[in-house]
Structure formats: structure tokens, C-alpha cells
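Q:
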Amino acid sequence: MEPYLVIGLLACALVLFATEKVSVDVVTLSLLSVLVLTGVLSAEEAFAGFGREVIVMLGSIFVIGAALRETGVLDTLGHLLSRAAGGGTRRLTAGLMCGVGGISAFMNNTTVVAMFLGPVIGVARRMKVPPSRLLMPLAYASILGGTCTLIGTSTNVAVSGALKQAGHGELGMFDMTPVGVMICAAGLLYMMLAGIHLIPERDKSAQAEGAANLREYLSEVVILPGSPLIGQEIFSSDFSVLGFQVIHILRHGVELDLGPHSRFEEGDVVRVAGKVENLIRIKKIEGLDIVEDVSLRESGVDMRGASLAEVVLTPRSSLVGRTLRTSNFRRRSGLSVLALLRGDQSLKDKMADVVLEAGDLLLVQGPYDRLKTYEENSEMVVITEHAWEISARKRGYALLGVFGLVVLASSAGWVPAAAGFLIAALFALLARCITLETAYENIDWRLLILIGGM
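Each residue of the sequence shown is one higher than the one before, counting from 496 in this note's numbering.
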């Protein structure tokens with residue numbers, strides 16, 4: 496009777512895993528509970544898997560990858576690799592796949608893809624090619640690279656643990672490298688010879704037009720007391736020299752009917768469309784400022800050292816379908832939105848009252864850790880570089896060195912792999928490369944429960 500029960504439970508598990516109607520961790524724990532209640536397994540046998548070395552190793556790798564990302568090391572590597580692989584589309588694809596595959600051999604696939612996402616989109620726009628032509632090879636390279644080493648993917652680690660538990664001995668760090676490298680080479684050749692031609696390509700003229708309009712953000716600028724613009728005629732003022740298109744002017748909250756001789760006054764709020772570089776420059780011009788910055792200063796918020804980034808809203812973002820005003824975004828997130836862009840559409844509404852959509856680009860300012868939290872939660876994707884603290888980046892490079900030593904030591908058999916990676920994870924915490932809370936948030940607990948229940 497017990498064999499039929501186990502087969503039935505496995506069939507149910509496969510159906511639930513395939514339909515994804517129930518979380519994998521809930522399915523795993525439910526199966527273990529049923530096996531214990533029916534007497535097929537004892538409690539000790541059912542939960543023994545959670546004490547295996549593989550659980551410690553995987554959890555440590557998640558923490559190490561998150562710490563390298565938090566300190567900016569992975570993003571720096573991503574930008575350098577994206578630029579170094581520049582050239583034609585074919586050359587860029589080959590270089591990108593080789594680099595991503597190499598990094599993915601030692602890091603979690605999701606982390607690797609996330610760190611390259613922004614740089615690759617930026618390179619695609621500079622080269623005026625559809626981002627999909629590079630993002631698909633990026634995704635495949637991260638998967639193929641994971642086949643090259645023991646820690647390249649959680650599947651390898653789980654199989655190694657199962658082999659050891661069965662008494663066959665665990666896999667070494669590079670035991671699967673020869674086969675993995677051949678798989679990667681075959682995948683690269685296929686992508687270069689056939690796959691790259693199968694990826695749909697959007698109309699190039701539309702792509703070029705979209706790229707031309709990419710940086711024309713909607714923002715609101717205020718005329719401060721003593722500004723040299725006060726008294727100047729709007730259509731012949733110095734404002735045009737700054738590279739902005741004036742859309743509307745609000746005076747005491749009322750939109751002005753602009754005539755040929757209308758002049759600026761103190762306190763005017765000018766709704767403009769302009770490039771992000773010019774918006775940043777406004778913050779340094781006497782007598783002008785971005786409305787949101789003025790509001791922050793009046794609220795007593797210290798924005799010194801804050802990060803400035805362009806981000807894309809994802810379909811999962813809590814902002815989609817809401818406005819900045821109704822969502823209380825600044826109060827909830829600690830971030831302020833300085834400007835807004837939606838494709839090639841011309842937005843006329845007050846920025847705080849625009850109903851946001853997936854794909855909208857925002858120029859966001861605020862603490863770097865808050866910005867990364869929203870990115871890690873898949874609410875937005877950062878597509879610009881950040882100026883991380885030099886000290887944090889140095890700690891990240893130190894962690895990268897420790898990680899390399901651990902890989903070397905574990906592959907040589909000097910230390911157990913689980914112990915080595917745990918030491919590296921502890922170093923990340925003690926060196927303040929990552930906070931304990933962020934470390935816990937970046938561990939894929941569902942995956943650990945699934946593997947522990949195997």
C-alpha cells in the first residue's frame with residue numbers, strides 16, 4: 496500500500512509544481528507532513544534533509560551573491576563586460592554570452608541576469624538594436640554557465656548532496672566542468688549561427704525614434720527668488736538655452752495662457768520636457784530648482800549623498816495603475832521622483848497626477864539602499880550607473896577575493912565546501928558588505944525548503 500501512496504503523492508506534487516497554483520515550499524512541507532502522518536516516514540527521517548550540508552552551502556551562496564551586488568562589485572563587472580564586448584551585434588552577443596556564462600558558473604543565475612539587465616539595455620539603446628536581441632542570449636548564457644561547476648546552479652548542489660547521502664561520494668567543484676564547457680560552447684555556436692536570427696526584431700525606424708525620445712523626461716521646475724529669469728519673456732528667455740521645451744507654466748496653482756510677451760515671475764512652476772543631463776544641471780543653476788527637491792528641503796530631508804538613477808517600472812510594481820500622489824510614494828519609500836517619461840507620448844498632466852504604467856521611466860533620487868530594495872523586489876529596474884561609496888566597493892572587492900579563495904580551497908579539498916562558503920558569508924556580514932536583514936531577504940527560502948524535503 497505504501498508504494499502506491501508514495502507514487503500518488505509524487506504525481507500530485509508534479510501536477511502542483513507544473514500548474515504553480517500552490518507555492519513549492521507549501522507543497523514540499525505538505526508532502527512531508529502526509530508521509531509522517533501515514534507512518535511512511537518517521538519525523539526524524541522526514542526532516543533530516545534540512546540538516547544537510549547542501550542547505551548551508553546554498554544559503555551561503557545566496558548571501559555572498561547579494562553582498563557582491565549590494566557593494567556594487569557585480570554591477571561594475573557587468574558594465575565593464577558590456578562595454579568591453581562592444582562592437583557589432585554578433586561580437587557583442589558572443590562576448591556577452593562568454594562573460595555571463597563564466598560568472599554564472601559561480602553565481603546564482605537570477606543575480607547574474609539582474610546585474611547585467613541595466614547595462615545590456617543601455618548598450619542596446621546606444622547601438623540602436625532591440626534589447627531582446629541581447630537579453631535572450633543573456634538569459635541562455637546564465638543557464639548554460641551554471642552547468643560548469645558544482646555551485647553554478649542549485650540543481651548541481653542538490654544532486655551532489657543526494658549522491659553523498661546514497662554513499663557514492665559527492666561531486667567536486669570542477670568535476671562537471673569539461674561537459675559543462677562543451678554544453679556552453681554548443682549553446683554559443685547555436686546562438687551565433689541560428690538563434691540570433693530567430694529572435695524577433697522590431698521595426699528599426701520605430702526603435703530609433705524611441706531611442707531619440709528616450710531621455711525627454713517630464714519634470715517641474717520652480718523659479719526661485721532672485722532668479723535671473725524673473726522678468727524675462729518666456730519664449731525668448733535663457734530657458735531655451737538650457738535645452739528644455741516649456742509645456743505649461745503654473746502661477747499660484749493656475750495654468751497661464753501664454754502670450755508672445757508673457758514673462759516669468761518669482762514662484763512660477765514651469766512644466767518642462769528635457770534630457771536627464773539637463774535636469775541634473777538645473778540643480779546647480781542659481782535661481783532654479785526642481786519642485787520635488789524644494790519640497791524635500793522644506794521638509795527637512797537631508798539629500799546629501801543620495802543616489803540619482805533612471806528606473807523602469809515593472810508590471811509587478813505597486814505603482815502601476817496609481818499616481819505618485821495617491822500612492823504616497825515618497826513617504827512609503829523614502830525616494831523622490833524628479834521626472835517622468837512614457838515612451839514617445841507627450842504627458843501634459845501634473846507629474847504627481849499621472850497614472851503610472853508598466854514601462855514608465857522615472858528619474859528617482861534617494862538613499863541607495865532604498866533604491867536597491869525596490870529593485871530587489873522586482874518593482875523597478877535601474878538602467879543607470881550609481882556612485883557607490885568607495886569604502887563599500889573596497890569591501891566588496893575584499894569579499895570577491897575571499898570568495899575566490901574559498902572556491903580554490905574547496906576544489907582542492909582543503910576545506911569542506913559548505914564550511915568554506917559559510918565562512919565567506921560570515922565575512923560579508925562582519926565586513927558590513929550586507930546587513931543581516933538584507934541577507935535574510937535574499938535567501939531563496941522556498942528553494943531551500945524544496946531541497947531539504949527531497
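All C-beta atoms in this analysis are idealised placements derived from N, C-alpha and C, irrespective of residue type, glycine included.
Using CA coordinates, which residue listed in 608, 921, 866 and 767 is at the minimum distance from residue 634?
A: Stepping through the sequence shown from its first residue, residue 634 is reached at position 139. Residue 608 is the option with its Cα nearest to residue 634.
Q: Does the beta-carbon of residue 517 have 16 or more other beta-carbons within 10 angstroms, so that it is buried, or is it exposed?
A: Position 22 of the sequence shown, counted from the first residue, corresponds to residue 517. Classification for residue 517: exposed.
Q: Would you be able to state if there are at least three C-beta pairs under 8 Å between the segment 624–640 and the segment 523–530?
A: With a cut-off of 8 Å, the segment 624–640 and the segment 523–530 do not count as touching, because too few Cβ pairs lie within range.
Q: Suppose contacts are defined by Cβ-Cβ distances below 8 Å. Is residue 874 in contact with residue 809 by that definition?
A: Looking up residue 874 in the sequence shown gives position 379. Looking up residue 809 in the sequence shown gives position 314. Yes, the pair counts as a contact, with Cβ atoms nearer than the cut-off.
Q: From residue 727 to residue 757, what distance separates their C-alpha atoms?
A: In the sequence shown, residue 727 corresponds to position 232, counting from 1. In the sequence shown, residue 757 corresponds to position 262, counting from 1. Looking at the two C-alpha atoms, the distance is approximately 8 Å.
Q: Under three-state DSSP, which class holds residue 752?
A: Residue 752 sits at position 257 when you count from the first residue of the sequence shown. In the structure shown, residue 752 sits in coil (DSSP, three-state: anything other than H, G, I, E or B).
Q: Using the Cα positions of residue 858 and residue 814, report the straight-line distance between them to the nearest angstrom.
A: Here residue 858 corresponds to residue number 363 of the sequence shown, with the count starting at 1. Here residue 814 corresponds to residue number 319 of the sequence shown, with the count starting at 1. Their backbone Cα atoms lie some 14 Å apart in a straight line.
Q: Under 8 Å between the Cβ atoms of residue 946 and residue 549?
A: Residue mapping note: residue 946 aligns to position 451 of the sequence shown, counting from 1. Residue mapping note: residue 549 aligns to position 54 of the sequence shown, counting from 1. Their beta carbons are under 8 Å apart, which means residue 946 touches residue 549 by this criterion.
Q: Using the Cβ count rule (16 or more neighbours within 10 Å means buried), how would you classify residue 695?
A: Taking the first residue of the sequence shown as 1, we reach residue 695 at position 200. The residue is exposed, with fewer than 16 neighbouring Cβ atoms inside 10 Å.
Q: Would the segment 651–659 and the segment 915–924 be scored as touching if the rule is three or more Cβ pairs under 8 Å?
A: Short answer: they don't touch.
Q: Relative to the C-alpha of residue 672, which residue among 515, 833, 651 and 759 is closest?
A: If you number the sequence shown from 1, residue 672 lands on position 177. The shortest C-alpha separation from residue 672 is found at 651.
Q: Pick out whichever of 719, 636, 724 and 718 has its Cα sitting closest to the Cα of residue 686.
A: The residue you call residue 686 lines up with position 191 of the sequence shown. Closest option to residue 686, Cα to Cα, is 636.
Q: For a test of the three-state rule: what should DSSP assign to residue 727, helix, strand or coil?
A: Locating residue 727 in the sequence shown gives position 232, counting from the first residue. Three-state result, residue 727: coil.
Q: Expressed to the nearest angstrom, what Euclidean distance is found between the alpha-carbon atoms of residue 749 and residue 833?
A: By one-based count along the sequence shown, residue 749 stands at place 254. By one-based count along the sequence shown, residue 833 stands at place 338. Rounded to the nearest angstrom, the two C-alpha atoms are 21 Å apart.
Q: Note the first and the last residue of the continuous beta strand (DSSP E) segment covering residue 552.
A: Here residue 552 refers to the residue found at position 57 when the sequence shown is read from its first residue. Per DSSP, residue 552 belongs to no beta strand (DSSP E); it is in the alpha helix (DSSP H), 548–565.
Q: Would you say the segment 761–770 touches the segment 713–721, given that touching needs at least three Cβ pairs under 8 Å?
A: The segment 761–770 is in contact with the segment 713–721.
Q: Keeping to the same chain, check which residues put their C-beta closer than 7 Å to that of residue 544; ignore five residues upstream and five downstream.
A: The count along the sequence shown starts at 1 and reaches residue 544 at position 49. Excluding sequence neighbours, residue 544 sits near 947, 948 and 949.
Q: Across which residues does DSSP place residue 822 in a beta bridge pair?
A: On the sequence shown, position 327 is the one that residue 822 refers to. Its beta-bridge partners do not exist; DSSP assigns none.
Q: Along the chain, where does the beta strand (DSSP E) containing residue 657 start, and where does it finish?
A: To locate residue 657, count along the sequence shown from 1; it is residue 162. Looking at the DSSP string, residue 657 is not in any beta strand (DSSP E); the run it does join, the alpha helix (DSSP H), is 649–660.
Q: Whole-angstrom Cβ separation of residue 615 and residue 639, contact assumed at under 8 Å?
A: Counted from its first residue, the sequence shown places residue 615 at position 120. Counted from its first residue, the sequence shown places residue 639 at position 144. Their Cβ separation, rounded to whole angstroms, is 17 Å, which puts residue 615 and residue 639 out of contact at 8 Å.
Q: What three-state label does DSSP hand residue 714 in the structure shown?
A: Numbered from 1 along the sequence shown, position 219 holds the residue referred to as residue 714. Residue 714 falls in the strand class under three-state DSSP.
Q: Could you check what DSSP says for residue 899 in three-state terms: helix, strand or coil?
A: Reading the sequence shown from its first residue, position 404 is the one you call residue 899. Residue state, collapsed to three classes: helix.
Q: Since residue 946 is in the alpha helix (DSSP H), which residue starts that stretch and which ends it?
A: The count along the sequence shown starts at 1 and reaches residue 946 at position 451. Counting along the chain, the alpha helix (DSSP H) containing residue 946 begins and ends at 940–947.
Q: Could you name the residues of the same chain whose beta carbon sits closer than 8 Å to that of residue 670, not counting the 5 residues immediately before and after it, in chain order?
A: Position 175 of the sequence shown, counting from 1, holds the residue named residue 670. Same-chain partners within the cutoff: 645.
Q: In the DSSP assignment, the alpha helix (DSSP H) including residue 525 goes from what residue to what residue?
A: Mapped onto the sequence shown, residue 525 falls at position 30. First-last of the alpha helix (DSSP H) with residue 525: 519–532.
Q: Do you know offhand how far residue 601's Cα is from residue 767's?
A: Residue numbering aside, residue 601 sits at position 106 when the sequence shown is read from its first letter. Residue numbering aside, residue 767 sits at position 272 when the sequence shown is read from its first letter. Near 46 Å, if we compare the C-alpha coordinates of residue 767 and residue 601.
Q: Looking at residue 533 and residue 928, is the spacing between their C-beta atoms short of 8 Å?
A: For the purposes of this step, residue 928 is identified with residue 433 of the sequence shown, where counting begins at 1. For the purposes of this step, residue 533 is identified with residue 38 of the sequence shown, where counting begins at 1. No.
Q: For the beta strand (DSSP E) that contains residue 785, what are its first and last residues?
A: For the purposes of this step, residue 785 is taken as the residue at position 290 of the sequence shown. 783–785 is the span of the beta strand (DSSP E), which, as asked, contains residue 785.
Q: Going by Cα to Cα distance, which pick from 663, 554 and 692 is closest to residue 940?
A: Position 445 of the sequence shown holds residue 940. It is 554.
Q: Whose C-beta lies closer than 6 Å to the C-beta of residue 641 among residues of the same chain, with five residues either side of it excluded?
A: Here the question's residue 641 lines up with position 146 in the sequence shown. So the qualifying residues of the chain are 599, 604, 647 and 648.
Q: Indicate the three-state DSSP secondary structure (helix, strand or coil) for residue 743 in the structure shown.
A: To locate residue 743, count along the sequence shown from 1; it is residue 248. Residue state, collapsed to three classes: strand.
Q: Please return the same chain residues whose Cβ sits closer than 8 Å to the Cβ of residue 666, not counting the five positions on each side in sequence.
A: By one-based count along the sequence shown, residue 666 stands at place 171. So the qualifying residues of the chain are 645, 651, 654, 655 and 658.
Q: Is there a Cβ from chain D that is less than 8 Å from the Cβ of residue 807?
A: Among the chains in the structure shown there is no chain D, since it carries only a single protein chain.
Q: Helix, strand or coil for residue 453 per DSSP?
A: The structure shown has nothing for residue 453, since the chain only spans 496 to 949.
Q: Does DSSP classify residue 504 as helix, strand or coil?
A: Taking the sequence shown and counting its residues from 1, one reaches residue 504 at position 9. Helix at residue 504.
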